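Numbering (my numbering), first residue to last: 9 to 111.
Here's what the structure looks like:
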């Protein structure tokens, strides 16, 4: 897990939300999501991993938001092909994290 998170890079973050359902256990439009934690991955150690896992275990149906950024003026923004490659790479790395969390 540590290497998967480090692989995402310093500009990456994971936000963890708790769902506040309208009625019952069914997901419905208009539900609220309460932000519980936002972890920036510029420094990942065992303590961060334990905290992340504890948060996910303690929240029923947690919501995850993975985010990353590209610096203003980066060459990637001017090249559609490069930007597409960058985005696909991010999705593949996040998918590996989701696979890990499901097991």
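Ideal Cβ placement from N, Cα and C applies to all residues, glycine included. Note that this is a predicted model, so its numbers are computed, not measured.
Range of the contiguous beta strand (DSSP E) that encloses residue 47: 40–48
Beta-ladder partner(s) of residue 22, from DSSP: 47, 74
Residue burial classification, residue 22 (beta-carbon count within 10 angstroms, cutoff 16): buried
Cβ-based neighbour list, residue 43, same chain, cut-off 7 Å, excluding 5 preceding and 5 following: 23, 25
Where the alpha helix (DSSP H) containing residue 65 begins and where it ends: 54–66
Rounded straight-line distance, which links the Cα of residue 45 to that of residue 56: 12 Å
Buried or exposed by the 16-neighbour rule on C-beta atoms within 10 Å, applied to residue 99: exposed
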